[in-house]
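Residue numbers (the working numbering), protein chains in the order written: chain E, 9 to 312; chain U, 9 to 312. Single-structure report; data block below.
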C-alpha cells in the first residue's frame, strides 16, 4: 500500500540565518525574516536547511532559534526544520524537539560524514532516528542533496523507507538539480510529498503531481514564486515559471547563501545581514553591486 | 620564521569507540582499548578520529568519553582528540575542553558540510576556532582526509595557518593516501609535525623528518607498527615496514572500521565490540571469518 500522503504543499522557504557581531545567531532578525517571507506568500518555513547554514550551528543554537520562532507566533504546522545530523543522538534530539513544538514535518539529511555507504547502512540510520523518536506525529521528508552532502539517497532507499514507515516517511526534497529523479519518484509513488529543491523545476513538479518547492530563492523572491505556484496550470503558467527561473540564474551567478544575505541587507538597509559563519564568506562590495544591478535590470522591485 | 615544532612524535592510535546494546558509547570498553594499545607500544591516542566514529557522536558524548579517559589515569599529554566539527561553536567547545584536560594537541577537521570552499573561508574557519579558544597550550594538528571530508586542505592553506599561528598550528595528519602531499609539506617546513594517516608511509615519513603515524591499524597491530617506527633506520627497517604494510592490506580488504572492531571482538572473545553506529554496518560472519583466516595465515599472533 503506497499511501504516504503529505499534508504539506506549496512554497517553503529555507530561511537564511542572521548572525550578530560575535557570529552568534541573531534571534530578532531571524524571526523578522521568517515573518516577512510568510507575508510575501510562502506557505511555510524549512528552517535549518543548507541555505540556513544549519550545519554551522550547534544543536543548542538550532533549538533556541526554533523555540523563539514558535514563541513569536508562527504555528508549528507551517514549519519543517532540518534535523538530520551526522550523529544519531543529535538527529533524535532535534527531531523530538521539532515534534514537541508541533512541527508538521522535519527535513532529514542522511549522516553525511562517511561516504560510499551502503543502502542498508543508510536505511538503518534513518530507521534508528524514526524508531527512537517514536511519535505518531513525526513526518519525515528525506533530503537529497548529493552535491553538498556527498551522500546520495538512491530511489531504492527512499522506496524502502516509505514502504517500512508509510505513516512517517511522507516526502522528499530533491536538491540534486536533476529533474528525472523527482519524475521517477512520483511515477512510482504518486501521492509522495516530493518537493523540488529549486523553483526551476516548480512547474514540472506540480504537473507531475508533486507538492511544490523548498527553495533558497523564497528568501528574496517569495511573491513571484508563489504566483508561479498558484498559476502553474493557467494560461500564463509558463511565463510565470520563466520569470522565476530567469531571476534564479541571476542570483546563482554569485555564491548563493552570501548573495541572498546581501540582497536582504540591501532591501532592509541593514548591513548586519551580510554576515555568514565561516567557512562561508560574505559577498564583496563589487559582487554585491553587480548582483544588485542585474536584479534591478530584471525589474526586481524591492530595491525601487 | 618557520618554527612550528611539534612536541608529539611516534605512533598514535585513533582508538575505535565501542557501543553498548542501546548504541550508547561504552565507557568501560573504551578505556580498556585505550590502555591496551598504549601497553602494546603506542606513544599516544588520537581519540575521536574517523576510525573512532567521532562524527557519529554528539559533542556531549565525546566530552564524556574524554573525561572518563583522563579519570582512568591516562595523562592528557599523550592524547590528541579530534575536535573539528561543522559548527564553529562545537569545535570551540571541544577544543577548549581538550585544552582544559591537558591534551598536548587536537586533531582538527575543517568544517566539512559545504564543498568547494575557498581557501580564505577555510582559513577563517580555523582562525576563528583558534582565536576563540585563545589558549597558549592549544596545539592544532590539521586533519587532511579529502576522500571522507570532501574538503581538501591545500598546502597554501596549511602554510598560511602555520605562518599566522606559529605557536599553535604545529602539525597535520595526512590521510590523503598520497605521499607527495606530506613530502612537499616537509620540504617546505622541515620541523612541522607531519603524521602519516597510514602506516604504509611510516618509513617515508620518518626518513623525510616527519613525526610518525596516526593509523587506524594501531588498534590491532600496535607492537609491529611500533617496531617499524623504532627500527626505521636499522638494517631490517625496510623489512619491518613491509610487514606492517602487508598486514594493512589484508585488513583493508574489508570495510576498515567494522573490520577493526571484529578483530578486537575475536581477540577479546567479546562480541559487544562488533557494534558500530549507523550508517556503518558490522562485518558479516562470513567477512569476519575470511579476515581472521587471512590474518592467521599472515602469522598474526593475538588469535593464537
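We treat Cβ as the ideally placed atom computed from N, Cα and C, and that holds for glycine.
Annotated as proximal: residue 287/E and residue 129/U, with beta-carbon spacing under 8 Å. With a threshold of 8 Å between beta carbons, residue 38/U makes no contact with chain E.
Your pair residue 107/E and residue 79/E does not check out as a contact, with CB atoms roughly 17 Å apart and the cut at 8 Å. Minimum Cα-Cα distance from residue 174/U among the listed residues 182/U, 186/U, 148/U corresponds to 148/U.
Within chain U, the residues placing a beta-carbon under 7 Å from that of residue 125/E are 287, ordered along the chain. One thing to note: residue 154/E has its Cβ no nearer than 8 Å to the Cβ of residue 114/E. For residue 64/U, the nearest CB of chain E lies under 8 Å from its own CB, placing it at the interface with that chain.
Under the Cβ distance rule, residue 167/E does not count among the residues neighbouring chain U, no pair being separated by less than 8 Å.
Of the candidates 242/U, 165/U, 215/U, 219/U, 165/U places its Cα closest to the Cα of residue 134/U. Contact check for residue 259/U against residue 291/U fails: the beta carbons are separated by 8 Å or more. Separation of the CB atoms of residue 211/E and residue 185/E is rounded to 16 Å, and the pair is thereby denied contact status at 8 Å. Collapsing the DSSP output to three states places residue 36/E in a helix. Residue nearest to residue 293/U within the set 200/U, 269/U, 306/U is 269/U (criterion: CA-CA distance). The beta strand (DSSP E) runs lying completely inside the stretch 115-187 of chain U and spanning 3 residues or more are 148-152, 177-182, given in chain order. With 16 or more other Cβ atoms inside 10 Å of its own Cβ, residue 263/U counts as buried.
Distance from the Cα of residue 204/E is smallest, within the candidate group 217/E, 188/E, 183/E, for 183/E. Listed along the chain, the chain E residues whose CB falls inside 7 Å of the CB of residue 246/U amount to none; the nearest CB is some 33 Å away.
Per DSSP, reduced to three states, the secondary structure at residue 190/U is helical.
Under the three-state reduction of DSSP output, residue 82/U falls in the coil class, being neither helix nor strand. Apart from sequence neighbours up to five positions away, the residues of its chain that approach residue 72/U with a beta-carbon distance below 8 Å are 33, 35, ordered along the chain. Runs of beta strand (DSSP E) with 3 or more residues, each lying fully within the stretch 195-258 of chain U, are found at 201-204, 220-222, listed in chain order. Taking 8 Å as the CB threshold, residue 200/U stays off the interface with chain E. Residues 194, 198 of the same chain have their beta carbon placed closer than 7 Å to that of residue 217/E, with the five preceding and five following residues left out of the count.
Considering only 39/U, 188/U, 237/U, 62/U, the residue with the shortest C-alpha distance to residue 93/E is 62/U.
Shortest Cα-Cα distance from residue 37/U to any of 121/U, 277/U, 309/U involves 277/U.
The beta-bridge partner set that DSSP reports for residue 27/E consists of 33/E.
About 7 Å separates the Cβ atoms of residue 25/E and residue 65/E, confirming a contact at the 8 Å cut-off. For residue 93/U, the secondary structure class from DSSP, reduced to helix, strand or coil, is coil. Taking the C-beta atoms as reference points, residue 60/E is found nearer than 8 Å to residue 23/E.
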